[in-house]
Amino acid sequence: MSTHIQVPLKNLRFGHEAPNHPSNARVTGRLDDVPALAANIYSRGQIEDLIVFDDGVPPLYFVSDGNRSLAALRLIHGEDRDDILIDCKVRPAEGAFEDSLAVAVTSRKLHPIDEYEGYAKLKETGKTNEEIAQQYGLTEHEVDQVLALGSLSPQVRDLWRKGELKTEVARSLPMVGDHKAQDALLKKLSRDQGEEGEPSYRNISDYDIKRELKIDRAGVLVEFVGIAEYVKAGGKVTRDLFGTDHKVSDAKLAKELADQRLARECNALVAAGWSFAVPADSVRNVQHKYTLAKVEEGKPQSEEERELSQLRAMLPEDDHFGDPVPFASLSGKQQTAFLRIRDIEFAIEARRYSPKVMAKAGCFVAIDDNGMLDITFGKVKEAEKKAAATEVKAAKKEAARAAAGGGNDAPAPEPVEISNALRERLHAQLVAATRDGLVAALDTDILKSPLAQILGNLVSRQITVNGSSVQIYSHGVSDKLAAMREALPADIINPAIAKRFDADDYFSNAPKAFLIRAIAETINPDEARKASNGFATKADLAKFALTNVGKSGWLPKELRTSHYVMPVVKGTAAAAAKAGAASTSRRPAKPTAKKKATGTPAKAVKRAAAAKKPTAKKSKR
């Protein structure tokens, strides 16, 4: 039996906080997607009553079912509102945990076809993809993926619903063409016959579909270059919304554009201090002509280790065939986690190589299966093998002397990573800029979006920034801050971040290599090479960078979002080099598995999801 009551929001508590009958069966992901749920509740109102129980602490009630809804309501209204009454059903405290477990176990996600048909009905009422995404806490790409399933034939939908067609096959079929073409191809591929001569579709794979469409690696190259750039150059694309196997009109054009971008990436790496950088597929007899610099294995700091563990837990398991989920098929949250893993592992990898070792070693660049840049660091030419080994040995001795407190007569080696203090200041600037951007959205048409209204209200209450100190009073806001930032339009968030960026502080305190990289990205690699050796002191180099880069709109990677556009300084040469440096900064290095130093670039999502320890490859960026 249950009784309906209304409880002031301030008197509601999470079920796991109950002193006598703690009752939230969901431990993992308790606050997952709360802002998205808040957006839906704000737009539609509270649809279902919370299931609560009295645990003997009047006037408090504890929630056995609806804890995420309670978190969303707190985001919308705040935690101390006694004028907001929440509809609840009271159940006995003794059965509260069983109530929570029953709901958690029996809840099921909609089948993709049912999800499509639901969104299609919303489209019929006049809602745009953007409005649907905002109302249900999705990215527009995720909405596009679901709505793309509307092009499936009735036969395909029926087979998929019944479980007779694999999900990856259904997702590949929109590229085939109209309903008649889809059905004809399925009939052709249904080679296995049932008991009564009926075709069987269970053994068809997405590979079979793409082989029939003659899709090759050109789609991956287009993903690497960017679909917009490929189309701008005259190519045509039938997009694979769930992967990188795009069907392209001109494979030769895709290869040319990819080679051009790889060349720009190589220029940027050399400008950053590496002896050389070349496309991996241009090198012959790799095993005989190149070795790897034998530097110490990169190790994560304790904070990095904790974050990596949390991020990897967000990535999906491989499918039942052992294949990794393509990056394009990940949810928006998973993609953010994946890219953050790449950033962290790049930082770990960067610490392994001193500037002197970099001057004797180089990099191979390639394109991985997700269409992302893959860099193998520390390659040493046979002629430089002895010199590189000498520098590695010297770096180890310097590190040992520093650890022992000796070597005061020798200059300290140039750091290869920004300090934790500077990183914290940059983080504070990014959080403050996000708050500024959300507040600025209050005065724009974006307030037509329920999510934007919630975020704007959240900012004024939940985030405080004082210098490098950041205080976020809600775990939900803290966990979703990056998603909030990405949801803001570029014309709001970009100026907000640029205004908060303290260029003087950054260039005065960042290592020399970071200043050189900024110059290469903003001006060109030649100017960066000149600057690397053209100043007597680091302070002089910092002044040059501040003058020529600081007000250009350039931002360090810690402040870059998906909206960031690399600035181009007018009046400088080598515009192509500038564009190349920009693309380098926007594509973080992919996650890597432990101790895998050479070989064909593996599928990055699989490595990130399968990694058991948060350590980076010896040679991968």
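In the numbering used here, the protein residues as written are 219 to 839. No residue lacks a Cβ here, since even glycine has one placed at the ideal position from N, Cα and C. None of the values given here were measured: they were computed from a predicted structure.
{"query": "C-beta contact flag for I331 and L367 at 8 Å", "result": "yes"}
{"query": "Rounded separation between A469 and A436 - CA only", "result": "5 Å"}
{"query": "Helix, strand or coil at F460 according to DSSP, with G and I counted as helix", "result": "coil"}
{"query": "Cα-Cα separation, L557 to G344", "result": "34 Å"}
{"query": "Candidates K228, D301, Y571, of which the one nearest E609 by Cα", "result": "Y571"}
{"query": "Residues near D463 by beta carbon distance below 7 Å, same chain, minus five either side", "result": "K428, I433, G437"}
{"query": "Any 3 or more C-beta pairs closer than 8 Å across the stretch 491-502 and the stretch 566-584", "result": "yes"}
{"query": "Segment limits, beta strand (DSSP E) that includes P226", "result": "221-226"}
{"query": "Backbone CA spacing between D592 and K228 [nearest angstrom]", "result": "51 Å"}
{"query": "Spatially closest choice to N503 from L480, L533, L648, K599, by CA coordinates", "result": "K599"}
{"query": "Residues of its chain near G233, where Cβ-Cβ distance is below 7 Å and the 5 sequence neighbours each way are ignored", "result": "P240, S241, N242, F280, V281, S282, N285, A314, S318"}
{"query": "Buried versus exposed call for T779 [16 or more other C-beta atoms within 10 Å across all chains shown]", "result": "buried"}
{"query": "Whether G550 touches L356 by CB criterion (8 Å)", "result": "yes"}
{"query": "Nearest-angstrom Cα separation, counted from V488 out to P743", "result": "8 Å"}
{"query": "P544 and N588 closer than 8 Å at C-beta", "result": "yes"}
{"query": "Distance between beta carbons of P729 and I636, contact taken as under 8 Å", "result": "7 Å"}
{"query": "Three or more C-beta pairs below 8 Å linking the stretch 733-752 and the stretch 715-723", "result": "no"}
{"query": "Counted within 10 angstroms of its Cβ, other Cβ atoms place Y258 as buried (16 or more) or exposed", "result": "Tyr is not the amino acid found at residue 258; the sequence shown has Asn there. Its Cβ being crowded by 16 or more others within 10 Å, N258 is buried."}
{"query": "Reference E386, options K405, F762, Y425, closest by Cα", "result": "Y425"}
{"query": "Three-state secondary structure assigned by DSSP to V575", "result": "helix"}
{"query": "P573 burial status per 10 Å Cβ neighbour count (16 or more: buried)", "result": "buried"}
{"query": "Continuous alpha helix (DSSP H) assignments of at least 4 residues falling wholly in the stretch 324-388", "result": "330-342, 347-353, 358-366, 372-379"}
{"query": "When I562, A658, S726 are compared against S520, the one with the closest alpha-carbon", "result": "I562"}
{"query": "Exposure label - H222; buried when at least 16 CB within 10 Å", "result": "exposed"}
{"query": "Coarse secondary structure for Y782, derived from DSSP in three states", "result": "coil"}
{"query": "Of the residues A705, L759, P713, the one placed nearest A731, counting alpha carbons only", "result": "L759"}
{"query": "Length of the line joining the Cα atoms of A254 and L644", "result": "27 Å"}
{"query": "Distance CB(L439)-CB(A472) smaller than 8 Å", "result": "yes"}
{"query": "Beta-carbon proximity list for L526, same chain, < 7 Å, skipping 5 on both sides", "result": "P518, I559, I562, P832"}
{"query": "Continuous beta strand (DSSP E) stretch holding Y279: start and end", "result": "279-283"}
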